Amino acid sequence: MAIRRSRVLLTVAIAVVVVLVGVAGLFVWAYQHFVDRERFTVADGAVTIEHHVVPKLGDILVTDKGYPLYMFPPDHQSEVTCTGNCAENWPPIVVPASARLKAGSGVRADLLGTRTAPNGKHVATYHGWPLYVFIGDDKPYKATGQGEVTDGGAWYVLNPAGDVVTAGGKHS
Numbered sequence: 001m002a003i004r005r006s007r008v009l010l011t012v013a014i015a016v017v018v019v020l021v022g023v024a025g026l027f028v029w030a031y032q033h034f035v036d037r038e039r040f041t042v043a044d045g046a047v048t049i050e051h052h053v054v055p056k057l058g059d060i061l062v063t064d065k066g067y068p069l070y071m072f073p074p075d076h077q078s079e080v081t082c083t084g085n086c087a088e089n090w091p092p093i094v095v096p097a098s099a100r101l102k103a104g105s106g107v108r109a110d111l112l113g114t115r116t117a118p119n120g121k122h123v124a125t126y127h128g129w130p131l132y133v134f135i136g137d138d139k140p141y142k143a144t145g146q147g148e149v150t151d152g153g154a155w156y157v158l159n160p161a162g163d164v165v166t167a168g169g170k171h172s
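For the sequence shown, the UniProt record's numbering gives the first residue as 1, with consecutive numbering after it.
Following this line, the structure appears as structure tokens:
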């Protein structure tokens, strides 16, 4: 009788753990997708690239919601190389077919463009660099990804002139 009761309790405990893991996974998924939507929204059919002065970095490119935009040196100003697991932490700025890419005040329209990612989506570029946001930037104008070394390279913000800003990061 004690063995049977132990088996039942073990089965119940395993079921509870499975449910808790599933619920936790759902919360992580929902949080990441909410954060991604917050950083990148298409308003009025346009993906707008803005700029803002951020302490230690100076004037840098940001989304229309104020989230810093990053470049990835392995892209070599020519291709989107952050895909799969990399793009989970560094989502590219996707320009839907129904939207246009727009330069905010002080951002050079002649430096804006798009590149086709391996998945066929169009990713916003600036001075040839594909643009990404960082999932760890939990507040606007906070560039916690600056100088972060992951996925085969370091991540840096760009200034409105299209220059890579390497100062102010973890490894500067």
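The beta carbon of each residue, even a glycine, is placed where N, CA and C say it ideally should be.
Since this is a predicted model, take the numbers as computed values, not measurements.
- About 6 angstroms separates the beta carbon of V133 from that of P91, a gap short enough to meet the 8 angstroms contact definition.
- With a cut-off of 8 angstroms on Cβ pairs, the stretch 105-114 is not in contact with the stretch 139-148, counting fewer than three such pairs.
- At a cut-off of 4 residues, the continuous stretches assigned as alpha helix (DSSP H) that sit fully inside the stretch 74-133 are 85-89.
- Counting along the chain, T166 sits inside no beta strand (DSSP E), nor does DSSP assign it H or E at all.
- Only residues of its own chain outside the window of five on either side were considered, and among them V80, V123, T125, P130 have a CB closer than 6 angstroms to the CB of R115, listed in chain order.
- Between the C-alpha atoms of C86 and R4 there is a straight-line separation of about 47 angstroms.
- Between N159 and I93 a beta carbon distance of about 17 angstroms is seen, past the 8 angstroms cut, so the two are scored as non-contacting.
- Look at I49 here: in three-state DSSP terms it is strand.
- For the pair V149 and Y156, the CB atoms are not nearer than the 7 angstroms cut-off.
- In the structure shown, I135 adopts coil according to DSSP, grouped into three states.
- Straight across, the Cα-Cα distance linking K121 with R7 is about 51 angstroms.
- In this structure, the straight-line span from the alpha carbon of G147 to that of A97 is close to 32 angstroms.
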